[in-house]
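S.K.:
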Amino acid sequence: MGEVVIVGGGPTGLWLAAELRLAGVEVTVLERRAERDPHSKGFTIHPRTMELWASRGVGESFVTQGRRVPDSHFGLLDHRMDYGTLDTPFPYVLLLAQPKVEELMEGYARDLGVHVRRGHAFTASTQETDRVVVRAEGPGGPSTMETAFLVGCDGAGSAVRSAAGIGFPGTGSTAYAWVADVTLDDPPAVPYFQKTNEAGQVLVVPIGPGLHRVAGVDGAGVLGYEGQPAEKELRAWLVAVAGTDFGLHDPVWVSGTGSASCLADRYRSGRVLLAGDAAHRLFPAGGMGLNVGVQDAWNLGWKLAATVRGWAPDGLLDSYHAERHPVGAATLRLTRGQTALMTTFTPETLALRSVLDDAIARVPEFSRFLAEQASGIGVSYGRGAGDHPLVGTRAPDLRLSGGPGLFALLVPGRYVFLDLTGTGRALPGRVTTSPEPPTPPGLVVCADEPVESRAGWRRVRAALIRPDGHVAWASEEDDDAALRSAAATALAATTRVRTPGS
Ligand SMILES: Cc1cc2nc3c(=O)[nH]c(=O)nc-3n(C[C@H](O)[C@H](O)[C@H](O)COP(=O)(O)OP(=O)(O)OC[C@H]3O[C@@H](n4cnc5c(N)ncnc54)[C@H](O)[C@@H]3O)c2cc1C
Numbered sequence: 001m002g003e004v005v006i007v008g009g010g011p012t013g014l015w016l017a018a019e020l021r022l023a024g025v026e027v028t029v030l031e032r033r034a035e036r037d038p039h040s041k042g043f044t045i046h047p048r049t050m051e052l053w054a055s056r057g058v059g060e061s062f063v064t065q066g067r068r069v070p071d072s073h074f075g076l077l078d079h080r081m082d083y084g085t086l087d088t089p090f091p092y093v094l095l096l097a098q099p100k101v102e103e104l105m106e107g108y109a110r111d112l113g114v115h116v117r118r119g120h121a122f123t124a125s126t127q128e129t130d131r132v133v134v135r136a137e138g139p140g141g142p143s144t145m146e147t148a149f150l151v152g153c154d155g156a157g158s159a160v161r162s163a164a165g166i167g168f169p170g171t172g173s174t175a176y177a178w179v180a181d182v183t184l185d186d187p188p189a190v191p192y193f194q195k196t197n198e199a200g201q202v203l204v205v206p207i208g209p210g211l212h213r214v215a216g217v218d219g220a221g222v223l224g225y226e227g228q229p230a231e232k233e234l235r236a237w238l239v240a241v242a243g244t245d246f247g248l249h250d251p252v253w254v255s256g257t258g259s260a261s262c263l264a265d266r267y268r269s270g271r272v273l274l275a276g277d278a279a280h281r282l283f284p285a286g287g288m289g290l291n292v293g294v295q296d297a298w299n300l301g302w303k304l305a306a307t308v309r310g311w312a313p314d315g316l317l318d319s320y321h322a323e324r325h326p327v328g329a330a331t332l333r334l335t336r337g338q339t340a341l342m343t344t345f346t347p348e349t350l351a352l353r354s355v356l357d358d359a360i361a362r363v364p365e366f367s368r369f370l371a372e373q374a375s376g377i378g379v380s381y382g383r384g385a386g387d388h389p390l391v392g393t394r395a396p397d398l399r400l401s402g403g404p405g406l407f408a409l410l411v412p413g414r415y416v417f418l419d420l421t422g423t424g425r426a427l428p429g430r431v432t433t434s435p436e437p438p439t440p441p442g443l444v445v446c447a448d449e450p451v452e453s454r455a456g457w458r459r460v461r462a463a464l465i466r467p468d469g470h471v472a473w474a475s476e477e478d479d480d481a482a483l484r485s486a487a488a489t490a491l492a493a494t495t496r497v498r499t500p501g502s
């Protein structure tokens with residue numbers, strides 16, 4: 001019997017597969033397409049996704065391939081959110097074509113030993129007490145396999161979701177956004193052109209040698225709602241909104257996306273889990289879907305690995321739904337809000353756009369709040385009563401004296417114990433005396449100086465960071481013995497495997 005089968009070799013499935021392999025789990029990816037789609041749905045990569053790559057040691061290989069833009073839009077308002085104010089080593093959005101992202105992810109996953117079976121389509125599954133029976137159709141005909149867990153990363157139309165009987169409530173499409181990758185003989189003078197008025201909305205950005213992406217919404221009914229618009233209609237749309245067709249010709253790819261948005265009612269049903277678009281269908285407003293999907297995978301990977309390996313404490317796998325479903329709901333709210341701004345062009349909505357535009361331009365806290373939501377930097381998973389205020393928050397790339405930053409310590413995909421007393425006084429004895437078991441599975445220990453100057457971290461004397469970079473435990477305890485005891489309790493909670501003397 002296999003350990004994990006992932007359906008879908010898009011960005012979510014590939015990143016999840018890599019995370020599982022990193023933890024030594026045997027994983028198979030079924031991908032129905034024989035070849036990767038060469039056309040790019042997404043281009044926008046937000047800071048938290050770059051932090052995730054950096055926390056696995058592959059940040060440079062992605063970031064050097066893209067183009068950095070210091071700000072991002074909200075609902076294509078004229079004033080943009082300044083990402084330079086975010087506390088991250090990546091204070092910008094990265095423009096990187098989705099096929100390139102997938103190619104780099106697949107290379108990384110394959111290097112770790114992930115096996116992607118292309119041309120294999122999932123067709124059905126049934127759950128039994130201790131396994132899932134998965135049926136697929138491949139070049140050699142139908143096949144059946146058994147696995148301990150099945151994860152649907154198979155996009156918005158997820159067949160895994162349907163087979164598991166998981167509901168996908170939401171709204172239908174009332175508007176369409178169009179993207180067309182085209183040649184422009186007379187492109188806009190600015191690298192990033194956008195315009196919104198009663199006739200709709202147009203965004204024009206260069207995406208490669210001789211190629212521009214024209215995207216937006218038709219408010220004047222020029223493009224129609226049936227079938228793919230022809231070149232002539234695309235030009236008419238541009239003229240209606242922008243006053244010129246920029247010399248558009250030879251579209252190589254035209255695609256329309258409806259404004260429907262839905263959220264799975266459960267991210268887990270027994271041995272079946274969902275991640276990415278399979279769990280949340282979002283209108284492409286603000287470039288969120290790929291980012292949120294990959295971040296789902298980051299949350300799920302180490303939890304599922306711990307479960308498969310048998311050391312997950314009770315409830316760890318269920319915490320995937322508890323933590324990521326609210327993030328999916330919040331993202332849906334954010335994109336629906338932007339959808340309203342991007343798809344209706346009444347005088348009232350245009351006035352609302354103008355009010356929000358002013359707020360972004362004049363109220364830095366408002367702009368920063370939106371930037372934290374859109375960038376993923378603001379995601380926090382909450383904490384229990386009595387926990388330190390940092391628990392559940394994303395740990396920034398803490399600078400530690402004489403060594404690498406926190407993200408580099410996370411590269412092995414393990415818990416990181418930070419002793420910030422400067423003398424190793426926070427470390428429980430069993431951790432210092434033995435680097436091998438009985439050390440809890442996957443623990444990297446870092447004893448260091450208390451060098452952090454960030455407000456929330458200044459007084460912290462020890463912290464435990466999860467493999468996905470969120471704070472599991474932190475303490476400002478001054479008494480060394482009490483600190484060690486609290487640390488031992490926090491460490492013990494990471495695993496159900498009990499060690500001698502614990
Ligand atoms: C026009 C547009 C622009 C966008 N721009 C951005 C952006 O800038 N930034 C951003 O973050 N997001 C953006 N998105 C959203 C982003 O493209 C998606 O959220 C992202 O692709 C989701 O990744 P995924 O891996 O979850 O699903 P998918 O990319 O849909 O991958 C699912 C995979 O599963 C495979 N599959 C499906 N069914 C089966 C089956 N039965 N058996 C086997 N395999 C199967 C599919 O072939 C596919 O490879 C945009 C979307 C659109 C439409």
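No gaps in the numbering here: position 409 of the sequence shown is 409 in UniProt numbering, and each next residue is one more.
Here a beta-carbon is modelled for each residue, glycine too, at the ideal position from N, C-alpha and C.
Helix, strand or coil, according to DSSP, for H212 in the structure here?
M.R.: Start at 1 with the first residue of the sequence shown, and residue 212 comes out as number 212. Strand at H212.
S.K.: Scan the segment 274 to 338 and note each continuous alpha helix (DSSP H) run of 4 residues or more that stays entirely inside, going in chain order.
M.R.: Runs of alpha helix (DSSP H) with 4 or more residues, each lying fully within the segment 274 to 338, are found at 289 to 309, listed in chain order.
S.K.: Would you give the residue range spanned by the beta strand (DSSP E) that I465 belongs to?
M.R.: Within the sequence shown, the letter at position 465 stands for residue 465. For I465, the uninterrupted beta strand (DSSP E) run begins and ends at A462 to I465, by DSSP.
S.K.: With a threshold of 7 angstroms, establish whether the CB of T12 neighbours any heavy atom of ligand 1.
M.R.: On the sequence shown, residue 12 is found 12 positions in, with the first residue counted as 1. Yes, the Cβ of T12 comes within 7 angstroms of a heavy atom of ligand 1.
S.K.: Are the segment 148 to 163 and the segment 265 to 285 in contact at 8 angstroms, needing three or more beta carbon pairs?
M.R.: yes
S.K.: Do G170 and P139 have their C-beta atoms within less than 8 angstroms of each other?
M.R.: Position 170 of the sequence shown, counting from 1, holds the residue named residue 170. Position 139 of the sequence shown, counting from 1, holds the residue named residue 139. No, Cβ-Cβ distance for G170 and P139 is not below 8 angstroms.
S.K.: What separation, rounded to the nearest whole angstrom, lies between the Cα atoms of L223 and L370?
M.R.: As a working mapping, residue 223 is identified with position 223 in the sequence shown. As a working mapping, residue 370 is identified with position 370 in the sequence shown. For L223 and L370, the gap between their C-alpha atoms comes out near 32 angstroms.
S.K.: Relative to the C-alpha of P209, which residue among E231, T144, V182 and N197 is closest?
M.R.: Counting from 1 along the sequence shown, the entry for residue 209 is found at position 209. Ranking E231, T144, V182 and N197 by Cα distance to P209 puts V182 first.
S.K.: If you run the structure through DSSP and keep just helix, strand and coil, what is T28?
M.R.: The residue labelled residue 28 in the question sits at position 28 within the sequence shown. Strand at T28.
S.K.: Is it the case that the CB of G287 approaches a heavy atom of ligand 1 more closely than 7 angstroms?
M.R.: One-based indexing of the sequence shown puts residue 287 at position 287. Indeed, a heavy atom of ligand 1 lies less than 7 angstroms from the Cβ.
S.K.: Tell me where the alpha helix (DSSP H) around D387 begins and ends.
M.R.: The residue you call residue 387 lines up with position 387 of the sequence shown. From DSSP, D387 is part of no alpha helix (DSSP H); its letter is neither H nor E.
S.K.: Can you look up G413 in the DSSP assignment and give me helix, strand or coil?
M.R.: Here residue 413 corresponds to residue number 413 of the sequence shown, with the count starting at 1. Looking at G413 - three-state DSSP - the assignment turns out to be coil, as it is neither helix nor strand.
S.K.: Mind checking which residues open and close the beta strand (DSSP E) that includes I6?
M.R.: The residue you call residue 6 lines up with position 6 of the sequence shown. Unbroken beta strand (DSSP E) run through I6: G2 to V7.
S.K.: Any idea what DSSP makes of S269, helix, strand or coil?
M.R.: The residue given as residue 269 occupies position 269 in the sequence shown. The answer is strand: DSSP assigns S269 an E or B state.
S.K.: How about C153: is its Cβ closer than 7 angstroms to a heavy atom in ligand 1?
M.R.: Counting from one through the sequence shown, the residue named residue 153 turns up at place 153. Indeed, a heavy atom of ligand 1 lies less than 7 angstroms from the Cβ.
S.K.: Going by DSSP in three states, F149 sits in which element: helix, strand or coil?
M.R.: Reading the sequence shown from its first residue, position 149 is the one you call residue 149. Look at F149 here: in three-state DSSP terms it is strand.
S.K.: Can you tell me which of the three DSSP states P251 falls into?
M.R.: Translated into the one-based positions of the sequence shown, residue 251 becomes position 251. Correct three-state label for P251: strand.
S.K.: Excluding sequence positions up to five away, which residues of its chain have a Cβ less than 6 angstroms from the Cβ of R459?
M.R.: Sequence index remark: in the sequence shown, residue 459 carries index 459 (1-based). E476, listed in sequence order.
S.K.: Measuring only the C-alpha atoms, how far is Q194 from L491?
M.R.: Walking along the sequence shown from the start, residue 194 turns up at place 194. Walking along the sequence shown from the start, residue 491 turns up at place 491. Roughly 51 angstroms between the two C-alpha positions.
S.K.: Determine which residues share a DSSP beta bridge with E231 and list them.
M.R.: Here the question's residue 231 lines up with position 231 in the sequence shown. Bridge partners of E231: none, in fact.
S.K.: Cβ of T257 versus every heavy atom of ligand 1: is any distance shorter than 7 angstroms?
M.R.: The residue given as residue 257 occupies position 257 in the sequence shown. If you check the C-beta of T257 against ligand 1, you find a heavy atom less than 7 angstroms away.
S.K.: Whole angstroms are fine: how far does the CA of W15 sit from the CA of A408?
M.R.: Position 408 of the sequence shown, counted from the start, is the residue given in the question as residue 408. Position 15 of the sequence shown, counted from the start, is the residue given in the question as residue 15. Spanning the two alpha carbons is a distance of roughly 18 angstroms.
S.K.: State the start and end residues of the unbroken beta strand (DSSP E) segment that holds W121.
M.R.: As a working mapping, residue 121 is identified with position 121 in the sequence shown. Reading off the sequence shown, one finds Ala at residue 121, where the question assumed Trp. Where A121 is concerned, the enclosing beta strand (DSSP E) stretches over A121 to Q127.
S.K.: From the DSSP secondary-structure annotation, give me the bridge partner or partners of I45.
M.R.: Indexing the sequence shown from 1 puts residue 45 at position 45. In DSSP, I45 forms a bridge with L94.
S.K.: Looking at the structure shown, is T421 part of a helix, part of a strand, or coil, going by DSSP?
M.R.: Translated into positions along the sequence shown, residue 421 becomes position 421. Reduced to three states, the DSSP call for T421 is coil.
S.K.: Buried or exposed for P428, please, with buried defined as at least 16 other CB atoms from any protein chain shown within 10 angstroms of its CB.
M.R.: As a first step, residue 428 must be located in the sequence shown, where it is residue number 428. By the 10 Å Cβ count, P428 comes out buried.
S.K.: Between the segment 234 to 247 and the segment 185 to 192, can you find at least three pairs of beta-carbon atoms closer than 8 angstroms?
M.R.: yes
S.K.: Could you check which residue in R67, S173 and A242 has the C-alpha nearest to that of L282?
M.R.: Within the sequence shown, numbered from 1, the residue matching residue 282 stands at position 282. It is S173.
S.K.: Would you say the segment 100 to 109 touches the segment 55 to 71, given that touching needs at least three Cβ pairs under 8 angstroms?
M.R.: yes
S.K.: Could you check the C-alpha separation between A322 and D357 for me, to the nearest Å?
M.R.: What you label residue 322 is simply residue 322 of the sequence shown in a count that begins at 1. What you label residue 357 is simply residue 357 of the sequence shown in a count that begins at 1. Rounded to whole angstroms, A322 to D357 spans 34 angstroms at the Cα level.
S.K.: Given a cut-off of 8 angstroms on the beta-carbon distance, is the pair V5 and M145 in contact?
M.R.: Residue mapping note: residue 5 aligns to position 5 of the sequence shown, counting from 1. Residue mapping note: residue 145 aligns to position 145 of the sequence shown, counting from 1. Yes, these two residues count as a Cβ contact at 8 angstroms.
S.K.: DSSP three-state label for T174, please.
M.R.: Counting from one through the sequence shown, the residue named residue 174 turns up at place 174. Coil at T174, not helix or strand.
S.K.: Is it the case that the CB of N299 approaches a heavy atom of ligand 1 more closely than 7 angstroms?
M.R.: Position 299 of the sequence shown, counting from 1, holds the residue named residue 299. False, no ligand heavy atom lies under 7 angstroms from that Cβ.
S.K.: What runs of the alpha helix (DSSP H), each 4 residues or longer, lie entirely inside the segment 331 to 380?
M.R.: 347 to 362 and 364 to 375
S.K.: Does R33 pass the burial test, meaning 16 or more other C-beta atoms within 10 Å, or should it be called exposed?
M.R.: Numbered from its first residue, the sequence shown carries residue 33 at position 33. R33 comes out exposed.
S.K.: Grouping DSSP H, G and I as helix and E and B as strand, with all else coil, what is A493?
M.R.: Residue mapping note: residue 493 aligns to position 493 of the sequence shown, counting from 1. In this structure, A493 counts as coil in the three-state DSSP scheme.
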